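A.B. asks:
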Amino acid sequence: MVRIVTDSTCDLTKERLAELGVLCVPLTVHFGEEEYRDGVDMTNPEFYEKLRKAAEIPTTAQPTPHAFEEVFAQCLERGEDVVCVLISTELSGTAQSANIAKNTLESDRIHIVDSRTACLALGLLVEIAAQRAAEGRSAEEIAAEMESLTDRVRINAAVETLEYLKKGGRLSGTAAALGTMLNIHPLVGILGGKVVQLGKARGKKKMFESLRKMTEEEGIDDKYPVLLGHAQSMENYEQLRQACQPLTEGRTVLYGEIGSVIGTHAGPGVVAITYIKKA
Numbered sequence: 034m035v036r037i038v039t040d041s042t043c044d045l046t047k048e049r050l051a052e053l054g055v056l057c058v059p060l061t062v063h064f065g066e067e068e069y070r071d072g073v074d075m076t077n078p079e080f081y082e083k084l085r086k087a088a089e090i091p092t093t094a095q096p097t098p099h100a101f102e103e104v105f106a107q108c109l110e111r112g113e114d115v116v117c118v119l120i121s122t123e124l125s126g127t128a129q130s131a132n133i134a135k136n137t138l139e140s141d142r143i144h145i146v147d148s149r150t151a152c153l154a155l156g157l158l159v160e161i162a163a164q165r166a167a168e169g170r171s172a173e174e175i176a177a178e179m180e181s182l183t184d185r186v187r188i189n190a191a192v193e194t195l196e197y198l199k200k201g202g203r204l205s206g207t208a209a210a211l212g213t214m215l216n217i218h219p220l221v222g223i224l225g226g227k228v229v230q231l232g233k234a235r236g237k238k239k240m241f242e243s244l245r246k247m248t249e250e251e252g253i254d255d256k257y258p259v260l261l262g263h264a265q266s267m268e269n270y271e272q273l274r275q276a277c278q279p280l281t282e283g284r285t286v287l288y289g290e291i292g293s294v295i296g297t298h299a300g301p302g303v304v305a306i307t308y309i310k311k312a
């Protein structure tokens, strides 16, 4: 049997991870001296409520090698091979911790994949990996497919508020004030393992239309599902879902909720569509 392992930046719900049989190693979020395990010690609604009230944005930290070692050891003891699909090494040292754990255990039954992405795009790869495991594919086959998809997995996301980009130092106060006045919404994605700006939209209606148009222009590989998600805004999620309906008609559409590690930097209200680009 193959067990899929990931980290909490995949932004799949606890219920979905349990349904898939995927094990999740949490990153940590720090509000001053207070430390919380992402998705374990604090729910998403609790996190965003605390974020809204915080004077400064929290910081995040990768899991320790020991956290991965514990999970890997349990899998090996049950006779399971492991495929561990993790946040981009360009964004976090999480995969480094996993590799240290693998080397400590000295097992060739552990396969670690740098997804070269994060957030819901990582979640989509995890969904695909779990499906392959359920189909009875070997760990080597699943890891190879995940590696082959890292260059084609896409996430097109829109940021609702500029407040948290300003708090995090990614946007000056002047630019944030001007952007807010003009109702500007940055459009972002992850390419080459790094977060990049894809454009901007003026007004929320244009924001949803732009996400659909960018996705449509690049093209979706029909062999894979599409994943839509949001950060504490079901209203924005529903508008995105409706805007993208012409693209998702007849496809399997999955769901995710953007959690604290990604939400720390982008804030609530973010929406995103994730897919595998046509080869």
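Under the numbering used here, residues 34 to 312 are what the sequence shown spells out, in order.
Think of the CB as a built atom: it goes at the ideal place given N, C-alpha and C, for glycine as much as any other residue.
Predicted model, so just to flag it, every value in this text is computed and none were measured.
Leaving out five residues on either side along the sequence, give the residues of the same chain with a beta carbon under 7 Å from the beta carbon of residue 272.
C.D. replies: 241
A.B. asks: At which residues does the alpha helix (DSSP H) containing residue 156 begin and terminate?
C.D. replies: 152-167
A.B. asks: Counting only the same chain and skipping the five closest in sequence on each side, list residues whose C-beta sits under 6 Å from that of residue 294.
C.D. replies: 42, 60, 71, 93
A.B. asks: Mind checking who residue 232 pairs with in its DSSP beta bridge?
C.D. replies: 220
A.B. asks: If you draw a straight line from the alpha carbon of residue 107 to that of residue 133, how long is it in whole angstroms?
C.D. replies: The straight-line gap from Cα to Cα measures roughly 16 Å.
A.B. asks: So what does DSSP say about residue 104, is it helix, strand or coil?
C.D. replies: helix
A.B. asks: Assign residue 73 to one of three DSSP states: helix, strand, or coil.
C.D. replies: coil
A.B. asks: Who pairs with residue 40 in a beta bridge, going by DSSP?
C.D. replies: 58
A.B. asks: What whole-angstrom Cβ distance do residue 119 and residue 140 have, given they're in contact under 8 Å?
C.D. replies: Contact doesn't hold; Cβ gap of about 17 Å is too wide.
A.B. asks: Sort 37, 307, 191 by Cα distance to residue 170 and report the nearest one.
C.D. replies: 37
A.B. asks: Can you tell me the Cα-Cα spacing of residue 40 and residue 160, whole angstroms?
C.D. replies: Their Cα atoms are separated by approximately 13 Å.
A.B. asks: In the DSSP output, which residue or residues are listed as bridge partners for residue 84?
C.D. replies: Answer is none; residue 84 lacks a bridge partner.
A.B. asks: Quick one: any contact between the segment 234-253 and the segment 146-158, if contact means 3 or more CB pairs under 8 Å?
C.D. replies: no
A.B. asks: Do residue 56 and residue 104 have their C-beta atoms closer together than 7 Å?
C.D. replies: yes
A.B. asks: How long is the line joining the alpha carbons of residue 281 and residue 259, rounded to whole angstroms?
C.D. replies: Separation of residue 281 and residue 259 (C-alpha to C-alpha, rounded to the nearest whole angstrom) is 7 Å.
A.B. asks: Excluding five sequence neighbours on each side, which residues of the same chain lie with their C-beta closer than 6 Å to the C-beta of residue 124?
C.D. replies: Cβ neighbours of residue 124 beyond the five flanking positions: 151.
A.B. asks: Could you please give the first and the last residue of the uninterrupted beta strand (DSSP E) stretch that includes residue 93?
C.D. replies: 92-94
A.B. asks: In the DSSP assignment, what are the bridge partners of residue 188?
C.D. replies: 307
A.B. asks: Could you name the residues of the same chain whose beta carbon sits closer than 8 Å to that of residue 276, not counting the 5 residues immediately before and after it, in chain order?
C.D. replies: 241, 242, 244, 245
A.B. asks: Quick one: residues in its chain with C-beta nearer than 6 Å to the C-beta of residue 311, no 5 flanking neighbours on either side, listed in chain order?
C.D. replies: So the list reads 252, 254, once near-sequence residues are dropped.
A.B. asks: For residue 209, which three-state DSSP category applies?
C.D. replies: In this predicted model, residue 209 has a pLDDT of only 43, less than 50, meaning its place in the structure is not dependable; the value taken from the coordinates is given anyway. Of the three classes helix, strand and coil, the one that applies to residue 209 here is helix, per DSSP.
A.B. asks: According to DSSP, is residue 270 helix, strand or coil?
C.D. replies: The answer is helix: DSSP assigns residue 270 an H, G or I state.
A.B. asks: Helix, strand or coil for residue 133, going by three-state DSSP, please let me know.
C.D. replies: In the displayed model, residue 133 falls within a helix according to three-state DSSP.
A.B. asks: Starting from residue 17, trace the alpha helix (DSSP H) both ways and give me its first and last residue.
C.D. replies: As shown, the chain starts at 34 and ends at 312. That puts residue 17 outside it, with no answer to give.
A.B. asks: Hey, residue 223 and residue 175: beta-carbon distance below 7 Å or not?
C.D. replies: A distance of 7 Å or more separates the beta carbons of residue 223 and residue 175.
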